[in-house]
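Chains as they are written, first to last, in our numbering: chain A, 230 to 620; chain B, 876 to 1158. The structure appears below as structure tokens.
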Amino acid sequence: MFVDFFHDLKSNGVPVSLREYLSLLEALDRDVINRDIEEFYYLSRAALVKDEKNLDKFDVVFGKTFKGLQALSESEIAEIPTEWLQSLTENFLTEEEKAAVEALGGWEKIMEELQKRLEEQKERHEGGNKWIGTGGTSPFGADGYNPEGIRIGQEKGRHGRAVKVWDKRDYKNLDGDVEIGTRNIKVALRRLRRFARDGVPDKLDLDGTIKSTANAGYLDIKLEAERRNKINVLLFFDVGGSMDPHIKLCEELFSAARSEFKTMEHFYFHNCLYEGVWKDNARRHTDKMPTWDVLHKYPADYKIIFVGDASMSPYEIVHAGASVEHWNEEAGGVWLQRVVDIYTSAVWLNPTPERFWTHSGSTDLIKRIFNDRMFPLTLDGLDAAMRELSR
Amino acid sequence: MSGKFEGTQNYIATEDLRIAVNAALTLERPLLVKGEPGTGKTVLAEEVAKALGLELLTWHIKSTTKAHQGLYEYDAITRLRDSQLGDERVKDIKNYINRGKLWEAFAYEGRVVLLIDEIDKADIEFPNDLLQELDRMEFFVYETGETIKAETRPLVIITSNNEKELPDAFLRRCFFHYIAFPDHETMTEIVKVHFPDLKSRLVKEALSVFYEVREVPGLKKKPSTSELLDWLKLLMNEDIDETTLRERDPNKLIPPLHGALLKNEQDVQLFEKLAFLARRERN
């Protein structure tokens, strides 16, 4: 019945399964809702979407699939979007342009045209990663306005009745690829847990007590240690230079990681790992710790996380003496290779979006040194990285 | 079978919530409710139960809660002690089996609403351990060899604060409802339900202050519905009228009794800083 809708959802990255589809059909069969498009929207949302970060994707697909229906059942639909479109155009067109456009075919025509354009832009913007300008010959002139900025179908649409619920896209900022906060990071980091009983035995070991009581014939209390997270983490942060735009993200990651792991050590480096790292950025030139000491101090079962944009001159990785700050006897790549050789689980988190990685040769080099274990610093990337580390 | 859920006098149910509850009710599947803290997830279960005229059983989940605690617990220690004292009860193992909330709900005569509150507080594996029990609404008691099966399946409502991700297999079996933050209109209604005597002008002013506070960029913790209600209660107690609220005096940029709205030192500081900037601009 709604197989196309189901497939569209799936191909747009909403994780739906047959079971959920069947329960939607079952609910329809049992007359949970009246025959009403809006109620159907709510029902299918409750049945198919299980995570608020997917609500926005769902709204988009729903809007696309049931567009015809919507237009049929609501005649006023054309009325109110025009209002906000109108106000939109006012923002974007100069008086002259408006006059020129008016000559083209009048207000209505423009509205149509603009709506079409907005839709195009919306879709293209979501689907791809290119920034699209509207192009020169357009009567609207303003090149490359950004639908995010004016929030089409969000703020303005909210008060307009005829704008359908799914077109409001209220859940836009809950999309998993967009937002990253410490709470979310913590959840992702939590994947990296390995419990072990360690320390002073101070909890009643019920099974042990029962067993030894049965053996001894009298109450024989046994104690055991509490379960604790045994994961040890070593964090290396790239600081300064090209990392400045990512400071906030790194801060969040740092604070989340600090509260999540009991044993976490962190060090800073600049651009690439060389013979010295430091713990305090204010005293980076006086209090450097030799990297050899770090590698010797922490055993090989530590999990290594590098955080850096990996964009530098490729010479820094392959040639000795190429560091921008000092004369280095050995190339950065040699040091990175040492880390990867000693610690079996090591990942590199890169705050620059994945699509730009191919643009810098150094990113590619580092990725190769890390055996492809480079992940973007988004929630999904972090998730994948933690999975890799907990292997 | 009880009727459909339509919201109550005390609880404003939006259309999507109503449908989600009804779907869960009709298909007898669990309903998972998520949302910002303070948007009324727990209250929802209470109100659903009230609206349907059903009893509510609540199982609060803590970080130490284990799945089997919801089914039953075998109290081995008491039995051990009784055996040493020669108590007669010791002969029947049934005396030492303590029923959990799921057992209570399954064994309940007629339909009941079972609230599993804050499921994300427990260990990551917790929901997986309950899959079968929630799906079939039955479980086996090893100690006595009996099977507990629900005669009428209870309506299970599960709330989550999103601290941990829930496993896919678990999600597939639930209906899902995300409580969005109420908009201005819904909020006015909610306030009216809670404080029917409040002057509408005061409500209007208070709400606009409230939404302004929420709009301030960079707040660590945005105030939510429950904080708004607390704040309104305070405003009423202190007899603050709408003119005080309306005063957009730069010296008083921080709303009166802000302690109820802002729960974080840094947020209060941020507000003070903004107030300071605004004052400097005037001068």
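Where a beta carbon is used, it is the ideal one built from N, C-alpha and C, also for glycine.
- With respect to the C-alpha of E1008 of chain B, the residue from B:E1080, B:P1130, B:E1117, B:L946 having the closest C-alpha is B:L946.
- Taking 3 residues as the shortest admissible run, the segment 885 to 970 of chain B contains the following complete beta strand (DSSP E) segments, listed from N- to C-terminal end: 906 to 910, 930 to 935, 947 to 949.
- The Cβ-Cβ distance between F287 of chain A and R274 of chain A falls below 8 Å.
- Under the Cβ distance rule, N897 of chain B counts among the residues neighbouring chain A, one pair being separated by less than 8 Å.
- The residue from A:V278, A:E481, A:E583, A:L435 with its alpha-carbon nearest to that of D449 of chain A is A:L435.
- Among the residues facing chain A, K1138 of chain B is not included, as its CB has no counterpart in that chain under 8 Å away.
- Contacts between P244 of chain A and chain B, judged by CB atoms closer than 8 Å, involve D1043 in chain order.
- T914 of chain B is a Cβ neighbour of F1056 of chain B, given a cutoff of 8 Å.
- Counting only Cβ-Cβ distances below 8 Å, V261 of chain A has contacts in chain B at I894, N897, A898, T901, L902, in chain order.
- In chain order, S1035, N1036, E1038, K1039 place their CB closer than 6 Å to the CB of D995 of chain B, counting only its own chain and leaving out the 5 sequence neighbours on each side.
- Look at I991 of chain B here: in three-state DSSP terms it is strand.
- When B:I894, B:L1137, B:S1083 are compared, the shortest CA-CA separation from F1050 of chain B is found for B:I894.
- In this structure, N510 of chain A sits near V468 of chain A, with a CB-CB distance shorter than 8 Å.
- Annotated as proximal: L906 of chain B and V896 of chain B, with beta-carbon spacing under 8 Å.
- Proximity to A997 of chain B across B:K937, B:I1054, B:E881 peaks at B:K937, based on C-alpha coordinates.
- Annotated three-state conformation of R620 of chain A is coil, per DSSP.
- Beta-bridge partners of M603 of chain A (DSSP): A:W577.
- Contact annotation for K909 of chain B against chain A: E281 [CB-CB distance below 8 Å, chain order].
- Under DSSP, E1008 of chain B forms no beta bridge with any residue.
- Secondary structure of K1097 of chain B (DSSP, three-state): coil.
- Under the three-state reduction of DSSP output, G1020 of chain B falls in the coil class, being neither helix nor strand.
- In the DSSP assignment, F1056 of chain B falls outside any beta strand (DSSP E) and carries neither an H nor an E.
- D1142 of chain B and R1089 of chain B have their alpha carbons spaced roughly 11 Å apart.
- With a threshold of 8 Å between beta carbons, T442 of chain A makes contact with chain B.
- Against chain A, a Cβ distance below 8 Å from A951 of chain B picks out L435, I439.
- For L1030 of chain B, the enclosing beta strand (DSSP E) starts and ends at 1030 to 1035.
- The segment 1102 to 1113 of chain B and the segment 1128 to 1138 of chain B touch, with three or more beta-carbon pairs separated by less than 8 Å.
- Residues of the segment 1069 to 1098 of chain B with a Cβ closer than 8 Å to any Cβ of chain A: none.
- By the Cβ rule, the segment 939 to 953 of chain B does not count as touching the segment 1057 to 1075 of chain B, because fewer than three pairs are nearer than 8 Å.
- Each of B:P1098, B:L1077, B:K1097, B:L1046 was checked against the Cα of E281 of chain A, and the nearest Cα belongs to B:L1046.
- Looking at B:V1068, B:E1147, B:R986, B:T1100, the one whose alpha-carbon comes closest to that of V1031 of chain B is B:R986.
- Below the 8 Å Cβ cutoff, chain B contributes R1047, R1048 as neighbours of R248 of chain A, in chain order.
- In the three-state DSSP reduction, M541 of chain A falls in the coil class, being neither helix nor strand.
- In this structure the segment 944 to 963 of chain B lies against the segment 973 to 982 of chain B, because at least three pairs of beta carbons, one per stretch, are closer than 8 Å.
- The distance from the Cβ of K1096 of chain B to that of N1139 of chain B is about 5 Å, consistent with a contact at the 8 Å cut-off.
- Interface criterion met: the Cβ of Y1053 of chain B is under 8 Å from a Cβ in chain A.
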